[in-house]
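Line by line, the protein sequences are chains A and B. So the first sequence is residues 30 to 178, counted in the working numbering. So the second sequence is residues 30 to 178, counted in the working numbering.
There are 2 protein chains.
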Amino acid sequence: MILSRASQYAIQAVILMAMQPQGTFVLNRDLAEQLNVPAPYLAKVLQALVRGNLLYSSRGRNGGFCLREGVEKVDLMQILLHLEGPQFTDACLLGLKECTDETACPIHKQWKPIKHKLARVLRTETPGKLARAVKTGKYRLADLPMSML
Amino acid sequence: MILSRASQYAIQAVILMAMQPQGTFVLNRDLAEQLNVPAPYLAKVLQALVRGNLLYSSRGRNGGFCLREGVEKVDLMQILLHLEGPQFTDACLLGLKECTDETACPIHKQWKPIKHKLARVLRTETPGKLARAVKTGKYRLADLPMSML
DNA sequence: TTTAAAGAGGAGTTACATATCTACAAGTAG
DNA sequence: CTACTTGTAGATATGTAACTCCTCTTTAAA
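This is the structure we're talking about:
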């Protein structure tokens with residue numbers, strides 16, 4: 030039902046970067062401010078994506094982060110696999126360590142297709158698509174400021 | 030993607046109790062052993078269900094816990110609402126606090142039907158149904174012992 | 001060359017879910 | 001009544017995700 034905060038921040042950040050003209054370096058500070066998330070923590074998440082070869086980073090003045098070529102077309106699942114375990118879509122709803130078609134918990138049969146639908150969405154959506162969705166103005170990336178709630 | 034451990038233990042426990050003849054009191058100790066979960070922690074979870082009027086408890090010899098009348102026909106959602114917040118099915122995949130049809134994150138449209146399918150399963154399944162499923166022998170409640178993996 | 005601005009990396013802190021411990025209250029059986 | 005067995009309640013401990021801080025290196029502008 031939930032992705033880790035790190036994953037959520039990562040997806041938000043790559044969408045925001047995909048909204049920039051290709052090759053634009055964006056500061057961690059600016060990403061954090063626009064997404065309204067803690068900057069030092071976001072930095073760690075971005076560093077993990079750099080190590081996963083999803084982002085370029087550049088130090089010093091005019092530094093920052095930007096998507097590697099083609100990453101705007103990479104599906105979200107590829108990005109999440111760098112942050113969650115390799116089999117985070119395998120989780121059993123009841124928490125059993127071993128829950129497969131052969132040895133299944135009593136709700137496995139109903140849970141499995143739902144898991145698969147989510148996995149399908151994550152394999153379908155990309156930073157580029159979602160960036161375009163945000164640009165239409167119908168969707169938004171960050172929480173609204175308190176004044177608007 | 031995940032229920033809290035407390036919720037997972039709760040569901041497992043009510044299924045196990047639903048497998049007993051109606052009105053049978055079961056010891057916390059025996060539930061914990063059969064489910065292979067920590068007994069003191071399970072006790073806390075069961076106490077919460079007692080406070081939620083889902084279980085009877087009885088102290089002293091021949092004591093234990095048993096389902097209140099009709100609880101074997103109560104859907105899992107009702108049970109979970111006592112342990113997770115009232116709106117745990119509302120969660121935004123990206124973690125936004127406010128994510129509704131009107132102010133939506135870019136993946137809201139794809140995530141919403143999946144959330145609803147899970148909610149539907151949780152409102153359809155009951156301890157009684159799942160207990161019968163386990164009794165067929167095709168499904169199991171607890172993790173297999175190490176010797177079987 | 002100096003200086004400021006950025007990311008990198010590691011250690012430390014906090015908050016919360018999970019798990020445990022201890023003392024107690026309530027019930028049962030003899 | 002006494003002894004034993006069970007759940008109850010509150011305090012405490014542990015583990016982990018989330019978050020912060022400090023120092024270092026790299027880069028580029030002045």
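From the three backbone atoms N, C-alpha and C, an ideal C-beta is built for every residue, glycine too.
{"Asked": "Contacting residues, own chain, Cβ-Cβ under 8 angstroms from Asn91 of chain A (five flanking each side not counted)", "Found": "Phe54"}
{"Asked": "Interface residues of the stretch 133-147 of chain A facing chain B [CB-CB below 9 angstroms]", "Found": "Ala133, Cys134, Pro135, Ile136, His137, Lys138, Gln139, Trp140, Pro142, Ile143, Lys144, Lys146 and Leu147"}
{"Asked": "Any chain A beta carbon closer than 7 angstroms to Asp119 of chain B", "Found": "no"}
{"Asked": "Within chain A, partners of Val103 of chain B - CB distance below 9 angstroms", "Found": "Ordered by position in chain A, no residue passes the 9 angstroms Cβ test against Val103 of chain B, which lies about 15 angstroms from the chain."}
{"Asked": "Assigned secondary structure, Gly93 of chain A (DSSP; H/G/I helix, E/B strand, else coil)", "Found": "strand"}
{"Asked": "Chain-ordered chain A contacts of Arg34 of chain B [CB-CB under 9 angstroms]", "Found": "Gly124"}
{"Asked": "Proximal residues to Gly81 of chain A (C-beta, below 6 angstroms), its chain only, five neighbours per side dropped", "Found": "His111"}
{"Asked": "Per-residue DSSP class, three states only, for Val103 of chain B", "Found": "coil"}
{"Asked": "His137 of chain A versus Ile31 of chain A - alpha carbon distance", "Found": "18 angstroms"}
{"Asked": "Alpha-carbon to alpha-carbon, Gly99 of chain B and Pro69 of chain A", "Found": "51 angstroms"}
{"Asked": "Where Val150 of chain B meets chain A, residues with beta-carbon distance less than 8 angstroms", "Found": "Ile136, Gln139, Trp140 and Ile143"}
{"Asked": "Cβ shell of Ala148 of chain B (< 6 angstroms), same chain only, five flanking positions each side left out", "Found": "Thr118"}
{"Asked": "The stretch 39-57 of chain B / the stretch 99-109 of chain B touching (three or more Cβ pairs under 8 angstroms)", "Found": "yes"}
{"Asked": "Short-range partners of chain A found in the stretch 66-88 of chain B, where Cβ spacing is below 8 angstroms", "Found": "none"}
{"Asked": "Partner residues on chain B for Ala162 of chain A, Cβ-Cβ distance less than 9 angstroms", "Found": "Pro135, Ile136 and Lys138"}
{"Asked": "Nearest residue (CA-CA) to Arg34 of chain A, options A:Leu56, A:Leu60, A:Val74 and A:Asp59", "Found": "A:Val74"}
{"Asked": "Inter-residue Cα distance where the pair is Leu45 of chain A and Pro135 of chain A", "Found": "41 angstroms"}
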